[in-house]
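Residues 4 to 457 (this note's numbering) are what the sequence shown spells out, left to right. Quick reminder that beta carbons are idealized off the backbone N, C-alpha and C, glycines included. This report refers to the structure that appears directly beneath it.
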Amino acid sequence: MAHDVHIIGGGLAGSEAAWQLARRGVKVRLSEMRGGGGETPAHQTDGLAELVCSNSFRSDDHEHNAVGLLHHEMRGLDSLIMRAGEVARVPAGSAMAVDRDVFSREVQAMLEAHPNVEIVREKVDALPDGGLTIVATGPLTAASLAESIGRATGSESLAFFDAIAPIVHRDSIDMSICWMAARWDRGSSLGDGKDYINCPMDKEQYLAFHQGLLDGEKTEFKEWEANTPYFEGCMPVEVMAERGVDTLRYGPMKPVGLDNPHWATAAHPSGRWPYAVVQLRQDNKLGTLWNMVGFQTKLKHAEQVRLFRTIPGLENAEFARLGGLHRNTFLNSPTLLDRQLRLKRAPHIRFAGQITGCEGYVESSAVGLLAGLMAVAELAGLEWTAPPRTSAMGALLAHITGDAEADSYQPMNVNFGLFPPLPEVKKKQRKEAYTERAKADFGAWLAASEVVPA
Ligand SMILES: Cc1cc2nc3c(=O)[nH]c(=O)nc-3n(C[C@H](O)[C@H](O)[C@H](O)COP(=O)(O)OP(=O)(O)OC[C@H]3O[C@@H](n4cnc5c(N)ncnc54)[C@H](O)[C@@H]3O)c2cc1C
């Protein structure tokens, strides 16, 4: 079958993109390497949209939760992933969990039954030179294609362990304990130069924290991850702690040049250096999310929450993302892709799914859905208008395509920290306020869109 769009990768994003295109009359070739001689270290079957780990799409609460809101918006766009998810749904409280086999079978059956979709079991080794293409090959993209993407983007290597450090919601940090400053007052020329949030520790607090890192329960590497090298500068914080009691005080917790104004005295009017400092760096342009610098970690998630809340100023920290290390292939999308997910250097190629730097089944599917709609608009010569920035889809897309800080870009789940803030609303009512605003704005976008009706 002659095709209009070539989708590479029949995972969550590729399957969703294929569905969105096909039901708008676009002919799609969907290339999936599993079942055609290719395999990944995590997939177990040849089924499309296989869930490689948990069977959960997380919260389905669209009134208080950003991922629940994303479900809601995707349902509004007749998402294949959400449809198949309903068919395969199993009881899981307020979360949406699925029977993974039923789910994958359903996705595959829907696509196989569609006359506009041709599923081809083949491994694609290089980016095509021409023709509208959507690359949705995921975190475990085959090495040959990853090399081709690396050449096209100028990135030396795309496969490495994520240096994932925890990210904290700004409004959960206690600024009566922390303070804003750059070391030796040498901040960037952006803003007022006080670039970092600094959390001070005295000696006793530091020693207890160091011991906590040594004692904390860690996640073990999977066997297949053992051959992937650590990304430069991505040493887990607990591994550094094992090297000696002071290693962190000479590394990410270095206190020099950081006068704590909360400790100011007549003799030291600008304050004193703490014994150790945890620094947080702004992670998004809105300034709502802050990254714990150098705190990439393999500590178990519950352990991270417990231990990191012992850091002065972070006692009530809410985490937008916890730390972790695993192999992941993804692009520095804010610099490489345009606002329509197209490779700036080769705009016939669009990327979708986790390879763009979103994280999670639902987010990857949502970005696949958007890539499909964008390709529909491009083929039909229609102007593309992105979903509003205040919606879950719009916030995620904006983050990937330019709003995230490119230097520290790491895979990201959808969360309210990506949304334009609502400081005038009381904190307790913010989640409802975000979702209400999102629903109103998203609804208006849907009603006005020329691309969406199928
Ligand atoms: C070990 C591991 C555990 C994870 N656990 C979770 C979890 O519990 N919850 C969660 O929400 N997310 C989890 N994720 C993230 C999850 O994988 C993604 O969120 C989601 O699957 C990404 O969707 P995708 O469509 O971008 O990629 P995928 O679903 O991985 O799909 C990519 C597809 O492309 C195919 N492919 C790759 N290269 C080629 C090629 N060259 N030619 C043709 N086909 C190719 C692959 O076979 C695959 O089918 C995990 C990831 C990993 C690696």
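Between GLY327 and ILE167, is the Cβ-Cβ spacing less than 8 Å? Yes; because the gap between Cβ atoms is below 8 Å, this pair is in contact.
Any non-hydrogen atom of ligand 1 closer than 7 Å to SER411 Cβ: The answer is no for SER411.
Do you know whose CA, among THR156, ASP444, VAL365, lies nearest LYS347's CA? Ranked by Cα distance from LYS347, the options THR156, ASP444, VAL365 are led by THR156.
Whole runs of the alpha helix (DSSP H) within the region 196-273, excluding any shorter than 4 residues: The region 196-273 contains these whole alpha helix (DSSP H) runs: 206-218, 240-245.
Using a Cβ cut-off of 8 Å (strictly closer), state whether GLU241 contacts chain D. The structure shown contains no chain D; it is built from a single protein chain.
With a threshold of 7 Å (Cβ to nearest heavy atom), would GLU241 be considered close to ligand 1? No, the beta carbon of GLU241 sits no closer than 7 Å to any heavy atom of ligand 1.
Return yes when at least one heavy atom of ligand 1 lies under 7 Å from the C-beta of GLY133, else no. No; taking the cut-off as 7 Å, the Cβ of GLY133 has no heavy atom of ligand 1 nearer than that.
Hey, is MET204 close to ligand 1, as in C-beta under 7 Å from one of its heavy atoms? No; taking the cut-off as 7 Å, the Cβ of MET204 has no heavy atom of ligand 1 nearer than that.
Ligand 1 and GLY420: does any heavy atom of the ligand fall closer than 7 Å to the residue's C-beta? Answer for GLY420: no, Cβ out of range of ligand 1.
Got a sec? Which residues, its chain only, sit under 6 Å from PHE419 by beta carbon, not counting five neighbours each side? Excluding its 5 nearest sequence neighbours in each direction, PHE419 has C-beta neighbours in its own chain below 6 Å: ALA69, TYR437, listed in chain order.
Under the assumption that ALA87 contacts ASP102 (Cβ atoms under 8 Å), give the Cβ distance between them as a whole number of angstroms. Contact between ALA87 and ASP102 does not hold, since their C-beta atoms are separated by about 10 Å, which reaches or exceeds 8 Å.
Per DSSP, which residues does SER2 bridge with? Please list them. Nothing can be reported for residue 2: it is not among the residues displayed for the chain, which extend from 4 to 457.
Rounded to a whole number of angstroms, what is the C-alpha to C-alpha distance between VAL281 and SER62? Between the C-alpha atoms of VAL281 and SER62 there is a straight-line separation of about 31 Å.
Would you tell me roughly how many angstroms separate the C-alpha atoms of ALA445 and LEU80, rounded to the nearest one? Rather than Ala, the amino acid found at residue 445 in this sequence is Phe. The straight-line gap from Cα to Cα measures roughly 11 Å.
Name the DSSP beta bridge partners of PHE354, please? DSSP lists VAL138 as the beta-bridge partner residues of PHE354.
Answer yes or no: the CB of ARG36 versus the heavy atoms of ligand 1, is any distance below 7 Å? One point to set straight first is that residue 36 is Met, not Arg, in the sequence displayed. It does: the Cβ of MET36 is within 7 Å (strictly closer) of some heavy atom of ligand 1.
Taking only three categories from DSSP, how would you classify ARG86? DSSP places ARG86 in the helix class (H, G or I) of the three-state scheme.
Just the Cα atoms here: how many angstroms apart are GLN432 and ASP406? Cα-Cα distance, rounded: 25 Å.
Could you check whether LEU216 and LEU114 sit closer than 8 Å to each other, using their CB atoms as the reference points? In this structure, LEU216 does not lie closer than 8 Å to LEU114 by Cβ.
If you draw a straight line from the C-alpha of LEU143 to the C-alpha of HIS213, how long is it? Between the alpha carbons of LEU143 and HIS213 lies a distance of about 34 Å.
Bridge partners for ARG37 per DSSP, in chain order? DSSP output for ARG37 lists GLY41 as bridge partner(s).
For LEU251 versus ALA211, is the C-beta spacing smaller than 8 Å? At least 8 Å separates the beta-carbon of LEU251 from that of ALA211.
Taking all protein chains shown into account, do 16 or more other C-beta atoms lie within 10 angstroms of the C-beta of ARG154, making it buried, or fewer, making it exposed? Its Cβ having fewer than 16 others within 10 Å, ARG154 is exposed.
Could you tell me the distance, in whole angstroms, from the CA atom of TYR233 to the CA atom of ASN331? In this predicted model, TYR233 has a pLDDT of only 48, less than 50, meaning its place in the structure is not dependable enough to derive any value.
For the alpha helix (DSSP H) containing ILE152, name the first residue and the last one. It spans 146-156 - the alpha helix (DSSP H) in which ILE152 sits, taken as one unbroken run.
Taking only runs that begin and end inside the region 277-365, name each unbroken beta strand (DSSP E) of 3 or more residues, in chain order. Within the region 277-365, the complete beta strand (DSSP E) runs of at least 3 residues fall at 279-285, 292-295, 322-324, 330-332, 349-354.
What first and last residue would you give for the alpha helix (DSSP H) that runs through ALA129? Per DSSP, ALA129 belongs to no alpha helix (DSSP H) and is neither H nor E.
Just confirm the distance between the C-beta atoms of ALA139 and GLY17, as a whole number of angstroms; I'd bet it's less than 8 Å. Right, their Cβ atoms sit about 4 Å apart.
Check whether GLU453 and LEU344 have beta carbons under 8 Å apart: Taking C-beta atoms as the reference points, GLU453 and LEU344 fail to come closer than 8 Å.
Residue burial classification, TRP227 (beta-carbon count within 10 angstroms, cutoff 16): Note that TRP227 scores 47 on pLDDT, short of 50, meaning its location in the model is unreliable; the coordinates nonetheless yield the value given after this. Answer is exposed; the Cβ neighbour count stays below 16.
Using the rule of at least 16 other Cβ atoms within 10 Å of the residue's Cβ for burial, across every protein chain shown, is TYR253 buried or exposed? The Cβ neighbour count for TYR253, taken over all protein chains shown within 10 Å, is under 16; the residue is labelled exposed.
Could you tell me the alpha carbon to alpha carbon distance between CYS56 and GLU89, rounded to whole angstroms? Take the alpha-carbon of CYS56 and the one of GLU89: they are about 19 Å apart.
What residue range is occupied by the uninterrupted alpha helix (DSSP H) comprising VAL105? 103-115 is the span of the alpha helix (DSSP H), which, as asked, contains VAL105.
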